[in-house]
Structure formats: C-alpha cells, structure tokens
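Protein sequences, first through last, are from chains A and B. If you read the first sequence in numbering that gives the first Met the number 0, its first letter stands for residue 0, the second for the next number, and so on. If you read the second sequence in numbering that gives the first Met the number 0, its first letter stands for residue 0, the second for the next number, and so on. Ideal Cβ positions, reconstructed from N, Cα and C, are used throughout, including at glycine.
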Amino acid sequence: MTSLEETLAAHPFLTGLSPQQLQFLLPCASFVSWPADQTIFIEGEPARHLYLLRSGRVALSIHRPRRGQRIVYTLGEGDVIGMGWLDLPQQWFFDARTVEVTRAIALEADCLARLSEVRPELGYELLQRFVRVMLAKIRLLKLQLVDFYGS
Amino acid sequence: MAPEPLTMSADPAAAAPMLPRPFRVVHYRRELRDTFTLTLEPLAEPAEFSFQPGQFNMLYQMGAGEVPISISGDPAHPRQLVHTIRAVGNVTGVLQRCRPGDIIGLRGPFGNPWPLAEQSGRDLIILTGGLGLAPLRPVIYSVLANRQKYGNVEIIYGARSPQDLLYRRELERWRGRFDLRVHITVDSAGADWHGNVGVVTTLIPRTRIDVLHAAAFICGPGVMMRFAVQELIKQGLHPRDIYVSLERNMQCGLGLCGHCQLGPFFVCKDGPVFSYERIGPWFEKREV
C-alpha cells in the first residue's frame, strides 16, 4: 500500500514540495473515501478541510429552491476541492457530492493554518498554489459564461 | 494542330460547379430544439455522391438562398448524403420545414478534408463542441471503419446541457466501445447527470495520447477552438499536428467571390480544414 507521505508527494497540488515540507504536512493529512452519490459537504456548513482528489469524481452544485440541484462543475483525479475555509465566514459555498466512488486526501484546515503561522515559507508556498487553482477555476468559469458551444 | 475536343466531365459538380443539382429529401430527423438532419438522394445520375470527411456542400432552397453546410454522414455510404443543420437564419429556417419528398438544390462537395490518411499509426484527438460534432462525424465513421490504422483515439465533446448533446445515441454507442475513449462534458446539468460538468478544455489533460505522435482535429465555435488549441499546445502537441475547421461566409465555394477570405486564404477553397501552424496567425486576429 502506498504510504500517506508518498501519496501526498504524488498529488499534483503538492508536486515539488521538499520532503521536509511534506513531513510537516503529514500530521494534517488523512486518507478519506466516499461511495458514489454521497454528500461530502453542503453549502453554508462550516468548511474545515481541503480535499486533494486521488480518484473518482465529485460534482459541485447549487441548490435552487423549487428547482432542485444544478451541477456547475465536476472535479476528478488530481483536482482540489474545499477552499471555503480560506476566507471568512469559513463556510462551504457549494454542495459537493460524489458521482462515483471517490478517494482523496483530507487536509485539516486548522492544522494548515497553524502550520502556515509557524512555517511561513510553507504557508506562502501553499498560498501560491491556492491562487493558481483559483485562477484556473476563474478562467474556466468565465468560459462557461460565454456560451462556449453556441457562439 | 487541331484543338482538343471539349468533353463533359462525368462529375456534374466538376463540370458545372455553380449549378445546383436537384436532391430529394428522403429523411428528416429532429435532433435538438433548433437542429435537424436531412438525408438526401440525388434525383439524377450519378446516383452516388463521393466526399471526404470535412467537406461541405452548398444547399439551395428556391426563393430563399444558399447556405454552406458540412457533410455529416458516412463517406462509405455515398448514395445518401446527410447534413445536420441548425436553424439560425432565413435559408436554414426554410430547410427546417423540408420533409421527405421535397426537392432542394445542392452544389459540392467543396473544401479540403481532414488529413486522416496522414494520421495512420498515430493517436488521434477529436475535439468538438455543440454542432461542431456534425462535420467531425464522418471522421469518426472513417476511423471506426479502419480502427486498426490508428493508435489511441479520444473523442472529447462538449455541449451546453445534457439536452443539447447532438447524436446522443451514437455517442452512447461509441462510448461503449473498448477501442475508443469518449469524454463528454456540459456547462451545467441537473442532479440526474452523472457525467462531467465544465468546459471541454478541462478534459484534454485526461487523454492518453503520445503528444509526439498524435494529431488533434477540432471543430466548434471560434472561442472554443481558440482555448482548445491553447490547451493542446500546453499539453505538448505541435501546432502542425492541430487541425481546425473554420466557418466563414462561404458563398461561391470556389474561392472566386472572396466572401470567405481570411488573410491570404479563401476558407471555402483553401479550407475549411487548416493546420493550426498554417492558420494560427490569422486565427487569432480580430476583425479579419
């Protein structure tokens, strides 16, 4: 079985971190998995984890009163979900549900925040990576707004 | 020396390329809310209509006008000519009202094809969105008919919603094959959708191709193609291995009238299929 440390090192979000930095992250990390069609989090609930997806697929959706769920994005292997804790009020702003059996590494948000305080170099490194993920998402969401297939 | 006698070509399209030939509508199929497919057969000899994947015809409706429409049928079945059309204007609106038995005019085939023959032994990405699947369907038919000639073949298709997926039954059939990987995504979907949601470019990194021995054929709206090309290049594909099919105001189909001019090219004659290496500088230019 692959160790947690090896799995952390192999995830695209953490690629390039030094072995020492990965060691620092280990106490914050744990393996998680969900069956298909399982809620991971719900909009408005406290956001306490960052998830690094290893396999499977997760749908992010918005609940519309009387009209049900609308899926706005799906994520899979190598993707990152759960950055709601980075900003106040530290709540999820989407619902997340698995589409298929999904495996991930959960990183505890409070642990990451504490680690960033005591190891600012690692905190800065992680923050740069969050920014990259968010920029990529913003770009893709912009494309979804321009009627990509009908123009 | 006596002048050579004038001879009539056996191919009416070559002999009189500006003259529409009469075709009978033999089948009408509603695909989506605004999209339909017409199957046509020639009224007169020759009974077969050979074409290559990527070529287009000018469809003519008396009193309404002419429109360029890509051929979306199987090149191995030249007796029936298939066109999938989105009703967006006057002529396509009239064509939408055609039913079996109606006669329409047709000129073609025009334009150059997708360079399939050159891809023998290589991996292939067929990337498309919206109605762009129609001009690429003949490629898919040809690839599947000669599957052993190619390496990994990946189809990436995007649409606005699950309800906007063109040729849904065929997509499901293709997806069930072991020798083909089909990736489908939509912009948004209800909770009953179990596929991907997001733009097509997000699926490119999931393909299993050897970028040094692969080609990509892209057809879809301009903005989709632009970002798809960027992502493919980012993944390592060379611009000469990326082919795009352009849509312009094609009128004569012969490169004479100039309506479809794009820089030094006439899209109807030099295209509609171009390698990105060739068309790139013009592809990115605004207001050309």
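{"query": "Which of helix, strand or coil DSSP assigns to glycine 257/B", "result": "coil"}
{"query": "For alanine 95/A and alanine 59/A, the rounded distance between their alpha carbons", "result": "Per the sequence shown, the amino acid found at residue 59/A is leucine instead of alanine. C-alpha separation (whole angstroms): 5 angstroms."}
{"query": "Leucine 61/B in three-state terms, based on DSSP", "result": "The displayed chain sequence assigns methionine, not leucine, to residue 61/B. Residue state, collapsed to three classes: coil."}
{"query": "Spatially closest choice to alanine 135/A from Leu3/A, Ile80/A, Cys110/A, by CA coordinates", "result": "Ile80/A"}
{"query": "Interface residues of the region 164-182 of chain B facing chain A [CB-CB below 8 angstroms]", "result": "none"}
{"query": "Exposure of proline 108/B, with buried meaning 16 or more beta-carbon neighbours within 10 Å", "result": "buried"}
{"query": "C-beta atoms of serine 244/B and proline 134/B nearer than 8 angstroms", "result": "yes"}
{"query": "Secondary structure of proline 108/B, DSSP reduced to three states", "result": "strand"}
{"query": "Backbone CA spacing between arginine 207/B and proline 88/A [nearest angstrom]", "result": "41 angstroms"}
{"query": "From Arg63/A, Gln143/A, Arg138/A, Arg118/A, residue whose alpha carbon lies closest to that of glutamine 19/A", "result": "Arg118/A"}
{"query": "Cβ-based burial, aspartate 86/A [other Cβ within 10 Å; buried from 16]", "result": "exposed"}
{"query": "Contact list for valine 100/A against chain B, beta-carbon separation under 7 angstroms", "result": "Correct list: empty, because the minimum Cβ distance to chain B is about 13 angstroms."}
{"query": "Short CB-CB distance (under 8 angstroms) between tyrosine 148/A and chain B", "result": "yes"}
{"query": "Spatial distance of tryptophan 192/B from glutamine 68/A (CA atoms)", "result": "11 angstroms"}
{"query": "Beta-carbon proximity list for leucine 3/A, same chain, < 8 angstroms, skipping 5 on both sides", "result": "Leu25, Ala28, Ser29, Phe30, Ile104"}
{"query": "Residue span of the beta strand (DSSP E) that contains threonine 36/B, given as start and end", "result": "34-41"}
{"query": "Residue closest to alanine 112/A, alpha-carbon to alpha-carbon, out of Met82/A, Val98/A, Lys141/A", "result": "Met82/A"}
{"query": "Rounded separation between phenylalanine 177/B and tyrosine 72/A - CA only", "result": "27 angstroms"}
{"query": "Opening and closing residue of the beta strand (DSSP E) in which aspartate 94/A lies", "result": "94-97"}
{"query": "Isoleucine 137/A burial status per 10 Å Cβ neighbour count (16 or more: buried)", "result": "exposed"}
{"query": "Limits of the unbroken alpha helix (DSSP H) element including alanine 133/B", "result": "132-144"}
{"query": "Below-8 angstroms beta-carbon distance, arginine 159/B vs any chain A residue", "result": "yes"}
{"query": "Whether asparagine 89/B touches alanine 63/B by CB criterion (8 angstroms)", "result": "yes"}
{"query": "Closer than 7 angstroms at the beta carbon, the chain A residues around asparagine 195/B", "result": "Thr73"}
{"query": "Residue-level contact to chain A via CB, leucine 142/B, 8 angstroms cutoff", "result": "For clarity, residue 142/B is valine in the given sequence; the question names leucine instead. Taking Cβ atoms only, chain A never reaches closer than 8 angstroms to valine 142/B, which makes this a no."}
{"query": "Members of the region 47-61 of chain A that neighbour chain B once the beta carbon cut-off is set at 7 angstroms", "result": "Ala58, Ser60"}
{"query": "Partners in chain A for threonine 201/B, counting only beta-carbon separations shorter than 7 angstroms", "result": "Leu139"}
{"query": "Proline 134/B at chain A interface by Cβ criterion, 8 angstroms", "result": "no"}
{"query": "Bounding residues of the alpha helix (DSSP H) (the contiguous stretch that carries tryptophan 33/A)", "result": "That residue, tryptophan 33/A, is in no alpha helix (DSSP H); its beta strand (DSSP E) goes 28-33."}
{"query": "Local conformation of arginine 180/B per DSSP, three classes", "result": "strand"}
{"query": "Chain-ordered neighbours of isoleucine 70/A on chain B, where CB pairs are closer than 8 angstroms", "result": "Ser187, Ala188, Gly189, Ala190, Trp192, Val196"}
{"query": "Coil, strand or helix - alanine 190/B by DSSP", "result": "coil"}
{"query": "Interface flag, leucine 111/A vs chain B, CB-CB below 8 angstroms", "result": "no"}
{"query": "Contact residues within the region 212-244 of chain B, judged by C-beta distance below 9 angstroms to chain A", "result": "Gly219, Pro220, Gly221, Val222, Met223, Phe226"}
{"query": "Proximal residues of chain B, C-beta to C-beta of valine 145/A below 8 angstroms", "result": "Val222"}
{"query": "8 angstroms CB neighbourhood of valine 24/B in its chain, flanking five on each side removed", "result": "Leu37, Thr38, Leu39, Cys97, Arg98, Pro99, Gly100, Asp101, Ile102, Ile103"}
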